[in-house]
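What the sequence shown shows, in mature numbering (1 follows the signal peptide of the UniProt record, and there is no 0), is residues -21 to -1, 1 to 337, in sequence order.
We put the beta carbon where it would ideally sit given N, CA and C, even for glycine.
None of the values given here were measured: they were computed from a predicted structure.
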Amino acid sequence: MKKRKIGMALSLVLAAGTLLGACGKSNDNNNNGGAKKDTFSVGMVTDVGGVDDKSFNQSSWEGLQNFGKENGLKKGKGGYDYLASKSDADYTTNLNTLVRQGFDLVYAIGFLMPSAVEEIAKQQKDSKFAIVDAEVDLPNVASILFKEQEAGFLAGIAAAKTTKSNHIGFIGGMEVPVIERFETGFLAGVKAVNPDIKVDVQIAGAFDKAEVGQAIASKMYSSGADVIFHAAGATGVGLFKEAKDRKAKDPNKDIWAIGVDRDQADMGQDVVLTSALKRVDVAVQDLATKTKDGHFPGGKVTLYGLAEDGVGLAPINSKAANKADIEATVKEWVEKIKSGTVKVPETLDELKTFNPKQ
């Protein structure tokens, strides 16, 4: 576990990580003696957090399910399905298994999978793959990236407008570019509201350790933070548990948590302020539809940001005292970002020179 405490007047930190990959045979593949396939099947390989991680993997699976329902497909071979990875040793095996099962497109979920996707994509040149949160430069691989910094920025606005102690926190999963974008955007958003707010930043070192997330959150709340944002996958589940436990002991205490990737309001209606949305579900469904229609963006990067509705902010909790003020401020910044008036920094180095008043 790595810990950093940072004041907003000083440098700040961002890190976020996750990744998506898709693979499969072309929709015009023949089978059964040359008969043309009349369905398009899609599979996905999860990262180690599991398909029910309440975060990135789950959002990806929801997108795949939406595609399946939209196209009248059933779960399983010939329709839509997933294989869960218990460790990184499972990535190549799972990707290859879905290819051999005949899926037309296979997604790899998680930033840890580029080498596995590259290995299998080179072996299975007639199959189509997609990867999220990383880039693989091969003609049969589509890469999906997000402007996580824009979602993080809006979460930072919400946190800074909510805190009463002027002390908030950020929990990152691992020190990777995706998490850095979340963190940098979050810190930039806080800075845009009040550069004097203190921010505790801590990197858990894993995306599947809820107990670590809870331990970090406990220390942050105990040190005075009243709002904590996590970009840590299933590790972030521990943040919500700690927030709910503290709220149960003292219902009048200001304790807030901010979720990530999907709307995590279901993790605690009394403590979840909002969530920084990373619409992996939208990206998964969108790219699957394009591929099904014959427009597979192989060898290219598809980038999803606010302008593409690929990132955003979930509704503000109705119990927030200044809900209307938060929403108005968030709307103002959304318009600035979409218009290009404000460019949210992606890295900690860029954050050093970020001036929200420009």
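Quiz item: Which whole-angstrom value is the C-beta distance of L62 and N73, which I expect to be below 8 Å?
Solution: Here the question's residue 62 lines up with position 83 in the sequence shown. Here the question's residue 73 lines up with position 94 in the sequence shown. Right, their Cβ atoms sit about 4 Å apart.
Quiz prompt | Contact check, A100 vs L117, beta carbons under 8 Å | solution = Residue mapping note: residue 100 aligns to position 121 of the sequence shown, counting from 1. Residue mapping note: residue 117 aligns to position 138 of the sequence shown, counting from 1. Yes, the Cβ-Cβ distance between A100 and L117 is below 8 Å.
Quiz prompt | One or two residues paired with I237 in a DSSP bridge | solution = Position 258 of the sequence shown holds residue 237. Looking at the DSSP assignment, I237 forms a beta bridge with F208 and T253.
Quiz prompt | V178 and V191 closer than 8 Å at C-beta | solution = Along the sequence shown, read from residue 1 onward, the residue named residue 178 stands at position 199. Along the sequence shown, read from residue 1 onward, the residue named residue 191 stands at position 212. Against a cut-off of 8 Å, the Cβ pair of V191 and V178 comes out as no contact.
Self-check item: Distance between W40 and N173 (C-alpha atoms, nearest Å)
Solution: For the purposes of this step, residue 173 is taken as residue 194 along the sequence shown, with counting starting at 1. For the purposes of this step, residue 40 is taken as residue 61 along the sequence shown, with counting starting at 1. Approximately 37 Å between the Cα atoms of the pair.
Quiz item: Using CA coordinates, which residue listed in K33, F82, E49 and A307 is at the minimum distance from V24?
Solution: The residue given as residue 24 occupies position 45 in the sequence shown. Answer by Cα proximity: F82.
Self-check item: Cβ-based burial, R79 [other Cβ within 10 Å; buried from 16]
Solution: Counting from one through the sequence shown, the residue named residue 79 turns up at place 100. Exposed, because fewer than 16 other Cβ atoms sit within 10 Å of the Cβ of R79.
Exercise. Can you tell me the Cβ-Cβ gap for V250 and K228, rounded? I've got them flagged as a contact below 8 Å.
Key: Counted from its first residue, the sequence shown places residue 250 at position 271. Counted from its first residue, the sequence shown places residue 228 at position 249. V250 to K228, Cβ: 12 Å. No contact.
Quiz prompt | Environment of P230 [buried if 16+ CB atoms lie within 10 Å] | solution = Within the sequence shown, numbered from 1, the residue matching residue 230 stands at position 251. P230 is exposed by the Cβ-count criterion.
Quiz item: Does the region 211 to 220 come close enough to the region 185 to 203 that 3 or more CB-CB pairs lie under 8 Å?
Solution: yes
Quiz item: Should T253 go down as buried or exposed, given a rule of 16 or more other Cβ atoms within 10 Å for buried?
Solution: Here residue 253 corresponds to residue number 274 of the sequence shown, with the count starting at 1. By the 10 Å Cβ count, T253 comes out buried.
Quiz item: From the DSSP output, which residues share a beta bridge with K54?
Solution: By one-based count along the sequence shown, residue 54 stands at place 75. Y59.
Self-check item: Local Cβ density within 10 Å of K33, reported as buried at 16 or more and exposed below that
Solution: Reading the sequence shown from its first residue, position 54 is the one you call residue 33. Buried, since its Cβ has 16 or more Cβ neighbours within 10 Å.
Quiz item: Taking only beta-carbon atoms, is A183 less than 8 Å away from chain C?
Solution: Going by chain labels, chain C is absent from the structure shown, which holds only one protein chain.
Self-check item: Expected contact under 8 Å - CB spacing of A109 and Y86 to nearest Å
Solution: Here residue 109 refers to the residue found at position 130 of the sequence shown. Here residue 86 refers to the residue found at position 107 of the sequence shown. About 5 Å; that satisfies the 8 Å criterion.
Self-check item: DSSP beta-bridge partners of K23
Solution: On the sequence shown, position 44 is the one that residue 23 refers to. The identity of residue 23 in the sequence shown is Met, whereas the question assumes Lys. BP columns for M23 point to Y61 and Y86.
Quiz item: Excluding five sequence neighbours on each side, which residues of the same chain lie with their C-beta closer than 8 Å to the C-beta of Q264?
Solution: Start at 1 with the first residue of the sequence shown, and residue 264 comes out as number 285. G42, L43, N45, F46 and E49.
Exercise. Mind reading off the beta-carbon distance from A262 to I123? Whole number of angstroms is fine, and I expect it under 8 Å.
Key: As a working mapping, residue 262 is identified with position 283 in the sequence shown. As a working mapping, residue 123 is identified with position 144 in the sequence shown. Rounded, the Cβ-Cβ distance is 5 Å, consistent with contact.
Quiz item: Does the Cβ-Cβ distance between G247 and K107 come in under 8 Å?
Solution: Counted from its first residue, the sequence shown places residue 247 at position 268. Counted from its first residue, the sequence shown places residue 107 at position 128. No, these two residues do not count as a Cβ contact at 8 Å.
Self-check item: Continuous beta strand (DSSP E) stretch holding T281: start and end
Solution: In the sequence shown, counting from the first residue as 1, residue 281 sits at position 302. It spans V280 to Y283 - the beta strand (DSSP E) in which T281 sits, taken as one unbroken run.
Practice problem: Could you check what DSSP says for F275 in three-state terms: helix, strand or coil? | Solution: Stepping through the sequence shown from its first residue, residue 275 is reached at position 296. Coil.
Self-check item: Reference F165, options K269, L292, Y283 and V259, closest by Cα
Solution: Sequence index remark: in the sequence shown, residue 165 carries index 186 (1-based). Considering only alpha carbons, the answer is L292.
Quiz item: I88: beta carbon under 7 Å from a heavy atom of the ligand FAD?
Solution: Within the structure as shown, the ligand FAD is missing, as the structure has no ligands at all.
Quiz prompt | DSSP beta-bridge partners of G42 | solution = Mapped onto the sequence shown, residue 42 falls at position 63. DSSP, once it has assigned bridges, lists no residue as partnering G42.
Quiz item: Is the distance from the Cβ of K140 to the Cβ of T308 below 8 Å?
Solution: Your numbering for residue 140 matches position 161 in the sequence shown. Your numbering for residue 308 matches position 329 in the sequence shown. Yes, they are a contact pair.
Quiz item: What is the C-beta distance between I182 and I147, in whole angstroms, given that I count them as a contact (C-beta under 8 Å)?
Solution: As a working note, residue 182 is residue 203 in the sequence shown. As a working note, residue 147 is residue 168 in the sequence shown. Not confirmed; about 16 Å, so no contact.
Quiz item: Where does G291 fall in DSSP's three states?
Solution: In the sequence shown, the residue the question calls residue 291 occupies position 312. Strand.
Exercise. Within its chain, find whatever has a CB closer than 7 Å to the CB of T326; leave out the 5 residues flanking it on each side and keep chain order.
Key: Residue numbering aside, residue 326 sits at position 347 when the sequence shown is read from its first letter. Contacts found: E159 and T163.
Practice problem: Using only alpha-carbon positions, find the residue among A121, A189, S20 and G212 that is nearest to F161. | Solution: Here residue 161 corresponds to residue number 182 of the sequence shown, with the count starting at 1. Comparing Cα positions, the closest option is G212.
Self-check item: DSSP-derived helix/strand/coil call for R258
Solution: Indexing the sequence shown from 1 puts residue 258 at position 279. Looking at R258 - three-state DSSP - the assignment turns out to be coil, as it is neither helix nor strand.
Self-check item: Check whether A130 and L256 have beta carbons under 8 Å apart
Solution: Along the sequence shown, one-based indexing puts residue 130 at 151. Along the sequence shown, one-based indexing puts residue 256 at 277. Against a cut-off of 8 Å, the Cβ pair of L256 and A130 comes out as a contact.
Exercise. Measure the C-alpha to C-alpha separation of A53 and T18 and round it to an integer number of angstroms.
Key: Start at 1 with the first residue of the sequence shown, and residue 53 comes out as number 74. Start at 1 with the first residue of the sequence shown, and residue 18 comes out as number 39. One point to set straight first is that residue 53 is Lys, not Ala, in the sequence displayed. One C-alpha to the other measures close to 11 Å.
Practice problem: State the start and end residues of the unbroken alpha helix (DSSP H) segment that holds K101. | Solution: Position 122 of the sequence shown holds residue 101. Segment P93 to Q102, the alpha helix (DSSP H) holding K101.
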